[in-house]
Structures are given as structure tokens and as C-alpha cells.
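> In full-length UniProt numbering, the protein residues as written are 1 to 406. Let me give you the structure first, and then I'll get to my questions.
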């Protein structure tokens, strides 16, 4: 527990002991129910206080009393906690390691505040972090099939897991349709914060030249085909650690390959939660060193150019119109652009990971800050994503809705 939360917990225990006492003599007898009931009966005040407490402490507080447990597990409290948590996002770093899933929660100044181990994900081969939203993460891995051609399995299928690092919950999605060729996926969150849809592009075995899409809904808990689609995003094999899309303000965005070049972006494919697809033009010619990020709720493009080692940052204020604004252009403080492993954004800063450096670029003042994690973890193809703690369930159904569906 944090120092603040520990003091709050001890103060509550002292109050309980105080109101158990009886006063005798000329003074009236004062029972516990006279005052303590008033304290705990104001649940809205209690909930507002607890909603600002770290998740680790909240999980411990569930054992304080039945009332506290019921309050912390309630849908109203889970939504209130998420609202406060979204105001102070951190970063989550995942150094790729076979058979070991350790996540590191980090402040914007580079301070590692927690090491998180996801139990139930041990010894899972090629586990890659795909996206983060509202405290939920999506991991993928290529499944192991005994006596199979492992290289073929790599190309055509993988397992999909939704995880909550704060609660240590892991949820394995059911299998999708068989595919003859490589597949791509993207995760959209909404319309409610705890609901999500997973879009999966695949090539059916009976006609591998066709591109089809199916959608997993957390509401139904199953996959549903939505038919043929004209475009397939740049494949996961050509993107760093499988992170080939970004979710921004109700829509998923992927790069579409340039004609004749399967690894260089040529345009952007989008889909909203209602399953409406659209193609967006790029603001300028880009190289393979381009990344889609969320900057303050807007789709943004970060492009690093090989020749002059310059980074351009573009923002799209209206996703329905391909009218990009160049936010800034600056020189990069690293020399080998081929070593860029990952790019992510939080508020008005951009996090760059290369094979040798961890760098944060501040858009407000145009400064670069290098971070040193040498003593914290290995630099092994790490991924970084913005992250905020939450109590959201991995299956996308809150308690009250689960009872309603049953």
C-alpha cells in the first residue's frame, strides 16, 4: 500500500474502535451505530476517496469489510475509478522474452514504479503486446501445434488474449476461422469503456485470394463474419512485434501497403465500432519507418526519414477528411533509423525505442530526453504503450451486465 492509503486504512480502524466504546456516568451511552453508520453510509463520498487509490491497494481493501468489497466490485465504482485514472496515464514497457511475461509501469520521467508479472502466461511462445486501452492489453502469440510445420502455423494463426495487468486477469478469446495465409487484427474499445471488438482479417482456405473479415464482440463472446473486404492491412510479420494498428477516439487505424511494396505504407485503413470501413490518404510520402499514434485524441503519424534523419509529426483533426496538419519537424538524436523498434505517444510527448536508446520527445518545447533502463531490464525488442490502471474485466462484461445476460 502507499503511505497515503495505509494511513487511510489505519484511521478507519481507529474510528471503528472508537465507536465500539460505551461512555457511562452522566454522559449518554454512545453506540457504534450512532456515528460510524453516518460515516460509511455516505457511499458516494467513500467511493470518491477510494477511486483515487492505486489498484493494488483497492484489491487489498476488498477484505476490509463486505461493504467495501461490494463497493469496489460495483459497476459504478469501476467506472469512477477509470475516470480518475485516465487523467494520469503512465507508460507500460514490455521487453519481449520467451516464456516470461514481465511488464514495467513507468512514469513520464522514466521512473519504474512497478514490475508486473502476468501469471498464466508462462512458457507461451512468441507472446507480443498489441495494444492498450482503458487498462486492458491485447497480447497475441503463435500457437504451438504438435507435429506441425511451425513456420506455416506462424503465418496463418495466433492466439489472442485480453489482459488486465492491474488485476492480473487473463482472458483467452475463442478461435477464429481457419486462414490459408497471414492474418491481421485490430481491437476497438466501445461503445462502453469495458466493451470491445476484435477485427480479424483472414484468407479462407477454400479461396485464399479472397480477403474476409470477422469480428469478435465482448458482448456476445463469439466471432461473427462480416463478409468480403477490399483491403488487408500490412501484415503483422512486417510490423514490430505485431503492433500494427492504433485505436483513437472510436476507430481503429492500420497502414495499407504501397502498391508493389508490402512493408511501406501507402494509405490508412480505418473502421469504427459500427464496422464502417474507410481509406485515408497519407499526408506525404513516407518510408517504412512510419508509425500511427494517438496524440491528445487525434490520429497522428510519426515518420522518420532515412536520408536526412528528420522526424515529421502529422495530426489528422477530422478522420472523415484526409486533411493533415504538420505538427512539427525536427532532427532525431540517433543515427541508424533502421534500428527503430517502436514509437508510442502519451499526451504531448512521443516515446521512441531504438536498438540502443529510449528517447522521449516533448512536442511543447521540442526537447529530447534519453532514459536509462540498463539496470531495470534487458533491451530485448521492447514495446512501450500508454497505460492507465483500471478494474475493468477482461471479458468485457461488468457484473450487472453479466447477470442481465444470464
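Glycine residues also receive a C-beta, built at the ideal position from the N, C-alpha and C atoms.
For residue 62, which three-state DSSP category applies?
Coil at residue 62, not helix or strand.
> Does DSSP put residue 43 in a helix, a strand or coil?
Of the three classes helix, strand and coil, the one that applies to residue 43 here is helix, per DSSP.
> Terminal residues of the continuous alpha helix (DSSP H) containing residue 119?
Premise fails: residue 119 is in no alpha helix (DSSP H) and is neither H nor E.
> How many Å lie between residue 199 and residue 106 at the Cα?
One C-alpha to the other measures close to 29 Å.
> Can you give the beta carbon distance from residue 312 to residue 329, rounded, assuming they're within the 8 Å contact cut?
Yes, residue 312 and residue 329 are in contact; Cβ-Cβ is about 5 Å, under 8 Å.
> Considering Cα atoms alone, identify which of 209, 388 and 297 is closest to residue 183.
Answer by Cα proximity: 209.
> Using DSSP bridges, identify the partner residues of residue 200.
For residue 200, which the question treats as bridged, DSSP gives the partners 185 and 214.
> Counting contacts by CB-CB distance shorter than 8 Å, is residue 178 in contact with chain C?
In summary, chain C is missing from the structure at hand, where a single protein chain is found.
> Determine the extent of the beta strand (DSSP E) in which residue 81 is found, giving its start and end residues.
Residue 81 -> not in any beta strand (DSSP E); alpha helix (DSSP H) instead, spanning 75–85.
> DSSP three-state label for residue 394, please.
Coil, per DSSP.
> Give the DSSP-derived three-state secondary structure of residue 227 in the structure shown.
If DSSP states are grouped into helix, strand and coil, residue 227 belongs with the strands.
> Taking all protein chains shown into account, decide if residue 396 is buried (16 or more other Cβ within 10 angstroms of its Cβ) or exposed.
Residue 396 is buried by the Cβ-count criterion.
> Quick one: residues in its chain with C-beta nearer than 8 Å to the C-beta of residue 263, no 5 flanking neighbours on either side, listed in chain order?
If we look at residue 263 and ignore the five residues flanking it on each side, its Cβ neighbours are 234, 238, 257 and 288.
> For the beta strand (DSSP E) that contains residue 425, what are its first and last residues?
Absent from the structure is residue 425, since the part of the chain shown begins at 1 and ends at 406.
> If I measure Cβ to Cβ from residue 345 and keep anything under 8 Å in the same chain, skipping five residues before and after, which residues do I get?
Only 293, 294, 295, 300, 302, 351 and 386 meet the Cβ criterion.
> Is the region 164–174 close to the region 355–373, with three or more CB pairs under 8 Å?
The answer is no - the region 355–373 does not touch the region 164–174, with fewer than three Cβ pairs under 8 Å.
> Helix, strand or coil: how does DSSP classify residue 314 here?
Reduced to three states, the DSSP call for residue 314 is strand.
> Considering only DSSP beta bridges, list what residue 267 is partnered with.
Its beta-bridge partners are 256 and 281.
> From this set, 160, 220 and 248, which residue's C-alpha is nearest residue 129's C-alpha?
When only C-alpha atoms are compared, the closest one is 160.
> What is the DSSP secondary structure of residue 131, counted as helix, strand or coil?
Strand.
> Could you tell me the distance, in whole angstroms, from the CA atom of residue 54 to the CA atom of residue 359?
C-alpha separation (whole angstroms): 27 Å.
> So, helix, strand or coil for residue 68, using DSSP?
If DSSP states are grouped into helix, strand and coil, residue 68 belongs with the helices.
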